[in-house]
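J.: Handing you a structure now.
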Ligand code: UDP
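In my numbering, the protein residues as written are 771 to 1014.
Next up, the structure:
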């Protein structure tokens, strides 16, 4: 796998934040739709049990290591390690810094009612000139999907952020991307809209720098403990994983 690092079978692009940003810029001005995902150890472990998620991650245009655990795993195994952590939240923020200049148009899809709107309001304040041309919450029924697709098309957004949690967001993106007329980049962003709306606070930079953002999130949301319990299992499986 060229420029990819195999983490328990999931090919992760070995890119820096700047390289990931550049790729997104190229996708946005291309004439095809590109899927971008940001797996952490939980998602990699989920992919080992969920064949659909696994196959979607394998065919995505860009897969970046969101969690420090994925980077650590790459250092524990043979071969080239991942260059750095590329947090999905930061990646999206960095696209927004250049959004006005590059003419990106965003659609925020997902999270609880009101969150996508609040996130849009705050991002407009943070990044003057940014175009966020549509929002929609992530609690819908099967029969609402045609309406959601129409709304995304009407927004003419070329970057669609999908915040439905994994594996729902990955499956949604893969299932409906062919029906979106203007979308060029579709990113599965997990809880990022909650972060942008200020509902969930990002860890202080000091925690992020020493790779302890997960620990901060655990203190703030102790219910995540069951989800995080997969981390030791993930690292042990990495130790015993034989790359094909
Ligand atoms: N969510 C949603 N629809 C659903 C289930 C979840 O919109 O049917 C949203 C939820 O409100 C939250 C996000 O998906 O904003 C998932 O966040 P989580 O913390 O699980 O994501 P992570 O960043 O940990 O992957």
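Don't be surprised by glycine CBs; every beta carbon is placed ideally from N, CA and C.
Tell me where the alpha helix (DSSP H) around residue 1003 begins and ends.
T.: By 1-based counting over the chain shown, the position of residue 1003 is 233. It spans 1000 to 1009 - the alpha helix (DSSP H) in which residue 1003 sits, taken as one unbroken run.
J.: So residue 823 is in the alpha helix (DSSP H); what residue range does that whole segment cover?
T.: Taking the chain shown and counting its residues from 1, the one referred to as residue 823 is at position 53. Here the alpha helix (DSSP H) through residue 823 covers 821 to 829.
J.: Compute the Euclidean distance between the alpha carbons of residue 771 and residue 855, then round it to the nearest angstrom.
T.: What you label residue 771 is simply residue 1 of the chain shown in a count that begins at 1. What you label residue 855 is simply residue 85 of the chain shown in a count that begins at 1. Annotation note: pLDDT 45 at residue 771 (below 50); position unreliable, coordinate value reported separately. Distance from the CA atom of residue 771 to the CA atom of residue 855, rounded to whole angstroms, is 19 Å.
J.: For a test of your reading of the model: does the CB of residue 812 fall under 8 Å from any non-hydrogen atom of the ligand UDP? Yes or no.
T.: Position 42 of the chain shown, counted from the first residue, corresponds to residue 812. Indeed, a heavy atom of the ligand UDP lies less than 8 Å from the Cβ.
J.: State whether the region 884 to 902 contacts the region 861 to 875, with contact taken as three or more CB pairs (one from each stretch) at a distance under 8 Å.
T.: Note that the region 884 to 902 touches the region 861 to 875; at least 3 beta-carbon pairs, one per stretch, sit closer than 8 Å.
J.: Among the candidates 953, 967, 957, whose CA atom is the shortest distance from the CA of residue 857?
T.: Along the chain shown, one-based indexing puts residue 857 at 87. For residue 857, the nearest C-alpha among the options comes from 957.
J.: Starting from the Cα of residue 935, find the closest Cα among 999, 993, 881, 915 and give me that residue.
T.: Working through the chain shown from its first residue, we reach residue 935 at position 165. Nearest C-alpha to residue 935: 881.
J.: Would residue 946 and residue 919 qualify as a contact pair, given that the criterion is a beta-carbon distance under 9 Å?
T.: Here residue 946 refers to the residue found at position 176 when the chain shown is read from its first residue. Here residue 919 refers to the residue found at position 149 when the chain shown is read from its first residue. With respect to the 9 Å criterion, residue 946 and residue 919 are classified as neighbours on the basis of their beta carbons.
J.: Going by the CB atoms, is the gap between residue 1014 and residue 776 shorter than 9 Å?
T.: Here residue 776 is taken as the residue at index 6 of the chain shown, counted from 1. Here residue 1014 is taken as the residue at index 244 of the chain shown, counted from 1. Against a cut-off of 9 Å, the Cβ pair of residue 1014 and residue 776 comes out as a contact.
J.: Under a three-way DSSP split, which group does residue 929 fall into?
T.: As a first step, residue 929 is located in the chain shown; it is residue number 159 there, counting from the start. Correct three-state label for residue 929: strand.
J.: Residue ranges of each alpha helix (DSSP H) run of no fewer than 4 residues wholly in the region 813 to 889, ordered along the chain?
T.: Complete alpha helix (DSSP H) runs here, min 4: 821 to 829, 838 to 846, 858 to 867, 869 to 872.
J.: Please state whether the Cβ-Cβ distance between residue 831 and residue 782 is less than 9 Å.
T.: Start at 1 with the first residue of the chain shown, and residue 831 comes out as number 61. Start at 1 with the first residue of the chain shown, and residue 782 comes out as number 12. No.
J.: Using 10 angstroms around the beta-carbon of residue 836, count the other beta-carbons present and answer buried if the total reaches 16, otherwise exposed.
T.: Against the chain shown, residue 836 aligns to sequence position 66. Under this definition residue 836 is a buried residue.
J.: Please classify residue 786: is it buried, with 16 or more other beta-carbons within 10 angstroms of its beta-carbon, or exposed?
T.: Translated into the one-based positions of the chain shown, residue 786 becomes position 16. So residue 786 ends up on the exposed side.
J.: Measure the alpha-carbon distance for residue 969 versus residue 976 and round it to whole angstroms.
T.: Locating residue 969 in the chain shown gives position 199, where the first residue counts as 1. Locating residue 976 in the chain shown gives position 206, where the first residue counts as 1. If I take the Cα positions, the gap works out to 20 Å.
J.: Is the beta carbon of residue 991 closer than 9 Å to that of residue 959?
T.: If you number the chain shown from 1, residue 959 lands on position 189. If you number the chain shown from 1, residue 991 lands on position 221. A distance of 9 Å or more separates the beta carbons of residue 959 and residue 991.
J.: Give the secondary structure of residue 975 by DSSP, where H, G and I count as helix, E and B as strand, and everything else as coil.
T.: For the purposes of this step, residue 975 is identified with residue 205 of the chain shown, where counting begins at 1. Helix at residue 975.
J.: Any idea what DSSP makes of residue 994, helix, strand or coil?
T.: One-based indexing of the chain shown puts residue 994 at position 224. Three-state result, residue 994: helix.
J.: Flag this pair as touching only if the region 980 to 987 and the region 793 to 800 have three or more C-beta atom pairs under 8 Å; answer yes or no.
T.: no
J.: Assuming the contact rule is C-beta atoms closer than 8 Å, residue 961 and residue 933 should be a hit. Round their C-beta distance to whole Å, please.
T.: To locate residue 961, count along the chain shown from 1; it is residue 191. To locate residue 933, count along the chain shown from 1; it is residue 163. That belief holds up - the Cβ atoms of residue 961 and residue 933 are roughly 7 Å apart, short of 8 Å.
J.: How would you label residue 925, buried or exposed, when you count the other beta carbons within 10 angstroms and need 16 or more for buried?
T.: Here the question's residue 925 lines up with position 155 in the chain shown. By the 10 Å Cβ count, residue 925 comes out buried.
J.: So does residue 909 have its beta carbon nearer than 8 Å to some heavy atom of the ligand UDP?
T.: Residue 909 sits at position 139 when you count from the first residue of the chain shown. Yes, Cβ of residue 909 sits closer than 8 Å to a heavy atom of the ligand UDP.
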